[in-house]
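See structure below.
Residue numbers (the numbering used here): -11 to 176.
Written out as structure tokens, the structure is:
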């Protein structure tokens, strides 16, 4: 929340006030649009995982806090956009910027696509940061914390990930049931 004391706001924006933080974001975007967007790379095994899940009949969606237009560009660049039936990101007008807002729109589109077959018990959020796991918990869906992403040690566990996966093959196995997985929360 942006409501709070100036000290809380400064903490949230890495010691900057709102105006400085807005300028920092714009500097970042100035570089990201023409250059940074192409400095991404897909983790080894991700295209194969997406193909396996798609072939298994999964409805795949992207819920990113990045601008939606950038999400499309990155997915197209790596030739994996075709696996996703729903792609949601933040909007250019400055709306839908939090993970919760992005996930809310993603779930709304997913519900519309699958109709009565939709159930939170059938949804699984896959993410590499605590924000993904916290978003899943907010909506009452299970989550897979992928340890091959950007999370710090213990971040996904502390956030309450239902499952942990060490590579894309483990994610595919968990979802398709080809390898038995125990809920992380149930492990001792």
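Glycine included, every Cβ here is placed at the ideal spot set by N, Cα and C.
In the DSSP assignment, residue 77 falls within the beta strand (DSSP E) that extends over 74 to 78. The Cβ atoms of residue 159 and residue 88 do not sit closer than 8 Å to each other.
The C-alpha of residue 83 is placed about 10 Å away from the C-alpha of residue 90. Going by C-alpha positions, residue 165 is about 10 Å away from residue 44. For residue 39, the closest alpha carbon among the candidates 51, 67, 28, 29 is that of 67. Secondary structure at residue 9: helix, using DSSP grouped into helix, strand and coil. Per DSSP, the continuous alpha helix (DSSP H) segment holding residue 123 begins and ends at 118 to 127. In the structure shown, the three-state DSSP call for residue 132 is strand.
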